[in-house]
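**Q** Just passing along the structure, written as structure tokens.
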Amino acid sequence: MSMLAWNDRLAVNIKEIDDQHKKLVDMINKLHDAMKGGKADAVVLGIVDEMKKYAASHFATEERHMKAHAYPEFAAHKAEHDKFVAKVLQVEADCKSGKCAMSMDILNFLSNWLVNHIKGTDKKYGPYLNARGVK
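Written out as structure tokens, the structure reads:
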């Protein structure tokens, strides 16, 4: 059973970004499945690395749209992205140093952050960007 399920409440009504959010949801589910299955830290580390790279690419997409359309809450939004990346980098560093503390606490943090970020912060730019022709 998946930890997270995509639904329309998570949509920001920008296809490119919604598709990327779906991929991030899938990654969290993949990480959850690996942990539940007692997979080796190396498998978890690979998933964390994939998530780190994809999140950076996704955040760059959002930030590019926000900059192009002078989104007024850009700085605060980017700060949230930076905090998330810092947390993922910390988890990755812990795993690489043999102190992989990949636990349900961390998985819950990643999952809750993603859902709360989309429903709270990302939902704000959806209508703003939609009104400027970004679909």
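If you're matching positions, the sequence shown starts at -2 in the numbering used here and goes up one per residue.
From the three backbone atoms N, C-alpha and C, an ideal C-beta is built for every residue, glycine too.
#1: Using 8 Å for Cβ pairs, my map puts residue 17 next to residue 55. What's the rounded Cβ distance?
#2: If we call anything under 9 Å between Cβ atoms a contact, is residue 63 one with residue 44?
#3: Any idea what DSSP makes of residue 13, helix, strand or coil?
#4: Looking only at its own chain, which residues have a Cβ that is under 7 Å from the Cβ of residue 103, when we skip the five neighbours before and after it?
#5: Name the two residues that bound the continuous alpha helix (DSSP H) containing residue 110.
#6: Rounded to the nearest angstrom, how far is the Cβ of residue 9 from that of residue 123, given a contact under 8 Å?
#7: Can you tell which of 127, 101, 117 and 125 has the C-alpha that lies nearest to the C-alpha of residue 0?
#8: So residue 121 and residue 47 are supposed to be a Cβ contact under 8 Å. How far apart are they, rounded?
#9: Taking the alpha-carbon positions, what's the residue 76 to residue 117 distance?
**A** With the given structure in hand:
#1: Residue numbering aside, residue 17 sits at position 20 when the sequence shown is read from its first letter. Residue numbering aside, residue 55 sits at position 58 when the sequence shown is read from its first letter. Contact holds; Cβ gap of about 4 Å.
#2: Here residue 63 is taken as the residue at index 66 of the sequence shown, counted from 1. Here residue 44 is taken as the residue at index 47 of the sequence shown, counted from 1. It is not a contact, given that the beta carbons lie outside the stated cut-off.
#3: Within the sequence shown, residue 13 is the residue found at index 16, counting from 1. If DSSP states are grouped into helix, strand and coil, residue 13 belongs with the helices.
#4: Working through the sequence shown from its first residue, we reach residue 103 at position 106. These residues qualify, in order along the chain: 88.
#5: For the purposes of this step, residue 110 is identified with residue 113 of the sequence shown, where counting begins at 1. Residues 101 to 113.
#6: Locating residue 9 in the sequence shown gives position 12, counting from the first residue. Locating residue 123 in the sequence shown gives position 126, counting from the first residue. Contact flag correct, Cβ pair sits at about 4 Å.
#7: Numbered from its first residue, the sequence shown carries residue 0 at position 3. Of 127, 101, 117 and 125, the residue nearest in Cα terms is 101.
#8: For the purposes of this step, residue 121 is taken as residue 124 along the sequence shown, with counting starting at 1. For the purposes of this step, residue 47 is taken as residue 50 along the sequence shown, with counting starting at 1. Rounded, the Cβ-Cβ distance is 28 Å, inconsistent with contact.
#9: On the sequence shown, residue 76 is found 79 positions in, with the first residue counted as 1. On the sequence shown, residue 117 is found 120 positions in, with the first residue counted as 1. Their backbone Cα atoms lie some 14 Å apart in a straight line.
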